[in-house]
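Take any residue in the sequence shown, note its place counting from 1, add 202, and you have its number in the numbering used here. Cβ coordinates follow ideal geometry from the N, Cα and C atoms, glycine included. What follows is a single structure, written as structure tokens, with notes after it.
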Amino acid sequence: MSIRVFPGIPLALLLGAAFGPAIAHDAWLEARGEEYVVLYGHGSEIEAYDPLKVKTVSALDGKGAVLPMSRQLTASAVQVKVSGSPALSVMFFDDGFWTKTDEGWKNLAKNAVKGDVQSSGYYVQLSKTVFTWGPVVTKPQGLPLEIVPLSATAPAVGKALPVQVLWEGRPLAGAKIARSGTDKPAPIETDAQGKAAIPVPAAGRQILSVAHKHGLKDEPRADQYSASANLVFTAR
């Protein structure tokens, strides 16, 4: 899988720097009966979004084969029908340019707003949802940023899930993995090989999130490229 991460900006113009886990929103695919829907939000708060921001979504079976699917765009969401039983879904959600001014955030490039610019960036969300555990979930899917489980077995409540964070296919050391939960658990930092063990304290939906950004050189539309990636699964 190959995804162009930034329209019109080659990776050669990116200057590297990692940043913390203050991830504002996540996007993920969730089962709703026999269909699936792309959800977008923060924690338990689900928000409407522009369906055109869902650039790619695919579903893989237990052997890693891509399953046929159809997409339906509603006014505020993307609904998906999958032929077969997906083990893993992979999604690229393009949130576009955002610029912060003295009037607040605007979904526009830096050179398209008036007044003082406090910060600007190009933001993408990259998501993987595990529906059935197996070897396929341990395979990198070619996303610019991703969390890869290192175990093919569903993690038991009270145990830890070993994972590795990859940036452009390479281990990302020092990445801070945030975990869902009302108690706001502290993020867990990856080691020199981009690996970490993530506790699974309770049953239910788990969202692991990580973020990484790059400064942009000679780019009038934004100061940085910011990617966030999540891994979503249900612990039982």
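Report the CB separation of proline 288 from leucine 269 in whole angstroms; it is logged as a contact under 8 Å.
Within the sequence shown, the letter at position 86 stands for residue 288. Within the sequence shown, the letter at position 67 stands for residue 269. The distance from the Cβ of proline 288 to that of leucine 269 is about 6 Å, consistent with a contact at the 8 Å cut-off.
State yes or no: is the C-beta of alanine 279 within less than 8 Å of the C-beta of proline 253?
Here residue 279 refers to the residue found at position 77 of the sequence shown. Here residue 253 refers to the residue found at position 51 of the sequence shown. Cβ atoms of alanine 279 and proline 253: closer than 8 Å.
Answer yes if the stretch 317-325 comes into contact with the stretch 341-359, meaning at least three C-beta pairs across the two stretches below 8 Å, and no otherwise.
no
Hey, alanine 405 and valine 338: beta-carbon distance below 8 Å or not?
Looking up residue 405 in the sequence shown gives position 203. Looking up residue 338 in the sequence shown gives position 136. Not in contact: alanine 405 and valine 338 (Cβ atoms no closer than 8 Å).
Considering just the uninterrupted stretch of the beta strand (DSSP E) at arginine 423, what are its terminal residues?
Counting from one through the sequence shown, the residue named residue 423 turns up at place 221. Here arginine 423 belongs to no beta strand (DSSP E), and DSSP marks it neither H nor E.
Excluding the 5 residues flanking lysine 361 on each side, which residues of the same chain have their C-beta closer than 7 Å to its C-beta?
To locate residue 361, count along the sequence shown from 1; it is residue 159. So the qualifying residues of the chain are Val402.
According to DSSP, is asparagine 313 helix, strand or coil?
Numbered from its first residue, the sequence shown carries residue 313 at position 111. In the structure shown, asparagine 313 sits in a helix (DSSP, three-state: H, G or I).
Look up aspartate 228 in the DSSP assignment and give the residues it is bridged to.
The residue given as residue 228 occupies position 26 in the sequence shown. According to DSSP, aspartate 228 shares a beta bridge with Gly243.
Can the beta-carbon of serine 272 be found less than 8 Å from the beta-carbon of asparagine 432?
Counting from 1 along the sequence shown, the entry for residue 272 is found at position 70. Counting from 1 along the sequence shown, the entry for residue 432 is found at position 230. Going by C-beta atoms, serine 272 is not nearer than 8 Å to asparagine 432.
DSSP three-state call for arginine 373: helix, strand or coil?
Numbered from 1 along the sequence shown, position 171 holds the residue referred to as residue 373. Before going further, note that residue 373 is proline rather than arginine in the sequence given. DSSP places proline 373 in strand when its eight states are reduced to three.
Please state whether DSSP places proline 337 in a helix, a strand or coil.
If you number the sequence shown from 1, residue 337 lands on position 135. In this structure, proline 337 counts as helix in the three-state DSSP scheme.
For the beta strand (DSSP E) holding lysine 330, just list the boundary residues, first then last.
Indexing the sequence shown from 1 puts residue 330 at position 128. Counting along the chain, the beta strand (DSSP E) containing lysine 330 begins and ends at 319-332.
Work out the CA separation of valine 332 and alanine 285 for me, nearest whole Å.
Position 83 of the sequence shown, counting from 1, holds the residue named residue 285. Position 130 of the sequence shown, counting from 1, holds the residue named residue 332. The question names alanine, yet the displayed sequence has serine at residue 285. About 17 Å.
With a threshold of 8 Å between beta carbons, is alanine 277 in contact with chain C?
Of the protein chains in the structure, only one exists, and it is not chain C.
How big is the Cα-Cα spacing for glutamate 305 and valine 259?
As a first step, residue 305 must be located in the sequence shown, where it is residue number 103. As a first step, residue 259 must be located in the sequence shown, where it is residue number 57. Roughly 34 Å between the two C-alpha positions.
Pick helix, strand or coil for proline 180, following the three-state DSSP scheme.
Only positions 203 to 438 of the chain appear in this structure, which leaves residue 180 out of reach.
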